[in-house]
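>
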Amino acid sequence: MNDKEVLEAALFAAGEPLDAKELATLVGKPPEYVSELLKSLIEEYKTRETSLELVETGERYVMQVKPAYAEKVRSIAPREFETPVLRTLAVIAYHQPVTQAEVVSIRGNKAYSHVVALEERELIKSVPHRRTKMLTITPTFVEYFGIETNDPKLIRKMIEKVAKGQISA
Amino acid sequence: MNDKEVLEAALFAAGEPLDAKELATLVGKPPEYVSELLKSLIEEYKTRETSLELVETGERYVMQVKPAYAEKVRSIAPREFETPVLRTLAVIAYHQPVTQAEVVSIRGNKAYSHVVALEERELIKSVPHRRTKMLTITPTFVEYFGIETNDPKLIRKMIEKVAKGQISA
Amino acid sequence: MIDEPVEILVNLAKDGEIDPWNIDIVDVTDKFLKRLEEREQLDLWVSARTLLYASILLRMKSEVLVEEGDKGDEWDFFGFQPECFQDFQIETYPPLRPKIRRRSKRPVTLTELIDELKKAIDLREKREIRRMRRGRSRPTAEDTLRVIEQEDLENRIRAVMKKLKRIFKRQKKVVFSELVEERTPADIVQAYIPLLFLAIRKKIWLEQKELFGDIYIKSR
Chain Y
0 MNDKEVLEAA LFAAGEPLDA KELATLVGKP PEYVSELLKS LIEEYKTRET
50 SLELVETGER YVMQVKPAYA EKVRSIAPRE FETPVLRTLA VIAYHQPVTQ
100 AEVVSIRGNK AYSHVVALEE RELIKSVPHR RTKMLTITPT FVEYFGIETN
150 DPKLIRKMIE KVAKGQISA
Chain B
0 MNDKEVLEAA LFAAGEPLDA KELATLVGKP PEYVSELLKS LIEEYKTRET
50 SLELVETGER YVMQVKPAYA EKVRSIAPRE FETPVLRTLA VIAYHQPVTQ
100 AEVVSIRGNK AYSHVVALEE RELIKSVPHR RTKMLTITPT FVEYFGIETN
150 DPKLIRKMIE KVAKGQISA
Chain Z
0 MIDEPVEILV NLAKDGEIDP WNIDIVDVTD KFLKRLEERE QLDLWVSART
50 LLYASILLRM KSEVLVEEGD KGDEWDFFGF QPECFQDFQI ETYPPLRPKI
100 RRRSKRPVTL TELIDELKKA IDLREKREIR RMRRGRSRPT AEDTLRVIEQ
150 EDLENRIRAV MKKLKRIFKR QKKVVFSELV EERTPADIVQ AYIPLLFLAI
200 RKKIWLEQKE LFGDIYIKSR
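Chains as they are written, first to last, in numbering that gives the first Met the number 0: chain Y, 0 to 168; chain B, 0 to 168; chain Z, 0 to 219.
#1: Report yes if the C-beta distance between B/L17 and B/L40 is below 8 Å; otherwise report no.
#2: Closest to Y/V84 by CA distance: which of Z/K118, Z/R58, Z/S61 and Z/R182 is it?
#3: What's the gap between the Cα of Z/I214 and the Cα of Z/R132?
#4: Using a cut-off of 7 Å between C-beta atoms, extract the partners of Z/S103 located in chain B.
#5: Please confirm whether Z/I113 and Y/A89 have their CB atoms less than 8 Å apart.
#6: At a cut of 8 Å, does the segment 128 to 145 of chain B reach the segment 88 to 102 of chain B through at least three beta carbon pairs?
#7: Find the residues of chain Z that neighbour B/G145, judging by a C-beta separation of less than 7 Å, and give them in chain order.
#8: Output the distance between the C-alpha atoms of B/P30 and Z/R96, rounded to the nearest integer angstrom.
#9: Please classify Y/L6: does DSSP put it in a helix, a strand, or coil?
#10: If contacts are defined as beta-carbon pairs under 8 Å, then Z/P193 and B/T82 qualify, I think. What distance do you get, rounded to the angstrom?
#11: Let me know the secondary structure DSSP gives Y/D150 once reduced to three states.
#12: Compare the C-alpha of B/T131 against each of B/T56, B/A76, B/E42 and B/P96 and name the closest.
#13: Measure the Cβ-Cβ separation of Y/R78 and Z/K104 and say whether it is below 8 Å.
#14: What would DSSP say about Y/D18, mapped onto helix, strand or coil?
#15: Would you identify the three-state DSSP class for B/T56, choosing helix, strand or coil?
#16: If you measure from the beta carbon of B/T82 to each beta carbon in chain Z, is any gap under 8 Å?
#17: At the 8 Å Cβ level, is Z/P93 part of the contact set with chain A, yes or no?
#18: So is B/E48 buried or exposed if we call it buried at 16+ other beta carbons inside 10 Å?
#19: Are Y/N149 and Y/V141 touching if we call contact CB-CB under 8 Å?
#20: Using a Cβ-Cβ cut-off of 8 Å, state whether Y/E142 counts as contacting chain Z.
#21: Quick check: is the beta carbon of Z/F79 nearer than 8 Å to any beta carbon in chain Y?
#22: Where B/G164 and Y/T98 are concerned, what is the direct C-alpha to C-alpha distance, given to the nearest angstrom?
#23: Tell me, please, whether the CB atom of B/P127 is closer than 8 Å to any CB atom in chain Y?
#24: Verify whether the separation of the beta carbon atoms of Y/K109 and Y/E118 is less than 8 Å.
#25: Could you have a look at B/A162 and say whether DSSP puts it in helix, strand or coil?
#26: Determine, using beta carbons only, whether B/S104 comes closer than 8 Å to chain Y.
#27: How many angstroms separate the CA atom of Z/E115 from the CA atom of Z/T91?
#28: The beta strand (DSSP E) with B/M133 in it runs from where to where?
#29: Is it buried or exposed, B/P50, if we count other Cβ atoms within 10 angstroms and call 16 or more buried?
#30: Which residues of chain Y have a Cβ atom closer than 9 Å to the Cβ of B/R86, listed in chain order?
#31: Can you tell which of B/H128, B/G14 and B/S74 has its C-alpha closest to the C-alpha of Y/E21?
#32: Note down the Cα distance separating B/A9 from B/E43, rounded to an integer number of angstroms.
#33: For the beta strand (DSSP E) that contains Z/Y215, what are its first and last residues?
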């Protein structure tokens with residue numbers, strides 16, 4: 000069991016970028032040593048016939064699918080949200096500002112728990128509105144989907160355009 | 000972009016076992032062709048200096064950390080289940096077939112919610128048994144822990160060994 | 000927050016911090032409803048949640064009771080301890096350790112979000128068509144609550160109690176369906192909610208012999 004392979008296993012298992020310090024703790028060696036090893040591991044990956052790559056990104060290291068293969072396997076990678084939750088988010092984004100009552104009438108009673116999950120993830124926010132809640136999307140939503148505006152009207156227009164297949168998002 | 004590398008990227012991205020049929024759809028080739036390619040990819044991984052492995056498990060294929068490196072990087076890997084849930088699972092696997100009532104008497108009332116989570120993940124299954132449920136482990140369990148058998152006696156032996164700290168399953 | 004104590008209790012029971020076996024649900028719920036009554040107006044949301052939490056506690060408790068009874072049966076049936084306890088007395092069940100795979104979830108793309116929007120619209124249309132075919136619409140929980148909020152709940156409760164008292168003079172039992180003027184979802188709910196409050200305030204008994212069967216109202 001050599002250190003370089005431990006680093007490789009760690010980057011695979013983490014599924015997100017790790018910094019040299021975290022990795023150094025893991026192998027019980029100084030961060031400089033780890034950085035050196037990672038450099039040579041990155042080079043090795045470049046020479047291997049593989050669709051995976053190791054990348055250094057702002058002092059952190061990540062194992063990922065090479066960009067050329069990313070689109071091809073996207074459908075297989077698990078999504079952050081289950082389909083029903085995503086569907087509820089879509090309804091909120093399109094109709095916002097929209098009351099929870101309205102969302103529930105479109106999506107059914109299961110939407111209550113979706114709203115809770117989406118609020119926790121800060122993709123939507125709510126303010127009390129009579130006996131229900133008024134829901135809107137947040138700056139986090141705008142950033143998450145790489146949208147350039149947070150004007151509800153423009154967002155709706157853009158959604159309509161994408162839906163009609165005029166532009167690809 | 001060659002097919003073999005697409006398969007590798009897919010197994011990396013999925014994080015769970017995929018069958019030849021799913022992978023065949025992805026590359027748009029027959030499953031037999033995909034199985035052949037996977038066989039040679041598995042061999043390649045064996046010759047590479049790497050801590051990752053490709054394994055065939057019950058007609059499905061999965062990419063994972065080699066057992067020798069597993070404990071070393073476990074602290075960095077996101078956990079799917081908390082320790083108490085994994086302990087409840089050990090109780091079920093050890094005593095199976097076992098009633099939920101029995102599991103609760105060993106593990107306490109918190110075991111109810113553990114059983115729900117484990118059933119959702121299909122690691123255990125239940126059939127109604129008088130007023131309670133009779134629980135057994137599933138093929139998914141066998142695959143998840145990389146156990147080579149689903150013989151209850153051998154599984155019990157394995158758990159005894161883990162309890163005594165002899166192996167790391 | 001007034002609704003916190005019960006929620007905390009439920010969570011404690013769920014986490015195994017307290018034994019649901021030893022909670023006096025009636026006591027907890029009574030105290031709680033009393034506090035609600037002390038306020039000027041009943042908040043239906045809060046009282047509905049109280050009922051929900053009480054029912055969760057009750058379920059936990061009954062599960063324990065049912066299963067306790069069950070275990071006894073089983074030992075009797077076998078007449079001895081199951082085999083697995085005889086050969087090896089395992090003391091600590093180890094947390095099993097799964098294989099290490101990559102557990103990473105990718106963000107959703109905008110295109111996927113919009114695809115789901117299309118499906119949501121399709122689904123809604125299908126549902127509306129079904130509704131039209133059925134000739135009536137199924138209300139959501141929000142619709143129901145909106146119906147209630149238009150009314151002064153306390154006045155309705157008083158009116159229902161008055162009506163029941165009149166009937167109880169003639170007979171011991173009332174069938175719920177007799178209280179409903181028109182069998183629309185809104186009317187059914189409007190007739191039912193005051194009964195729930197009256198039952199909780201121990202003015203009446205509610206009894207339902209079978210699921211979806213008729214509900215019988217008795218004086219107490």
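Heads up, the beta-carbon is just placed ideally off N, CA and C, and yes, glycines get one too. Every value quoted in this text rests on a predicted model; they were computed, and no experiment measured them.
This is what the structure holds:
#1: no
#2: Z/K118
#3: 29 Å
#4: G14
#5: yes
#6: yes
#7: The contacting residues are K98.
#8: 32 Å
#9: DSSP places Y/L6 in helix when its eight states are reduced to three.
#10: 49 Å between Cβ atoms; not a contact.
#11: Here Y/D150 carries a coil assignment [DSSP, helix/strand/coil].
#12: B/P96
#13: yes
#14: strand
#15: strand
#16: B/T82 counts as touching chain Z.
#17: Of the protein chains in the structure, Y, B and Z, none is chain A.
#18: Its Cβ having fewer than 16 others within 10 Å, B/E48 is exposed.
#19: Yes, the pair counts as a contact, with Cβ atoms nearer than the cut-off.
#20: no
#21: A caution first: Z/F79 carries a pLDDT of 39, below 50, which makes its placement in the model unreliable, though a value can still be read off. No - not a single Cβ of chain Y is within 8 Å of the one on Z/F79.
#22: 55 Å
#23: no
#24: In this structure, Y/K109 lies away from Y/E118, with their beta-carbon atoms at least 8 Å apart.
#25: helix
#26: no
#27: 47 Å
#28: T131 to I136
#29: In the sequence under discussion, the amino acid at residue 50 of chain B is Ser, which differs from the Pro named in the question. Its Cβ being crowded by 16 or more others within 10 Å, B/S50 is buried.
#30: Ordered by position in chain Y, no residue passes the 9 Å Cβ test against B/R86, which lies about 22 Å from the chain.
#31: Considering only alpha carbons, the answer is B/S74.
#32: 16 Å
#33: Segment I214 to S218, the beta strand (DSSP E) holding Z/Y215.
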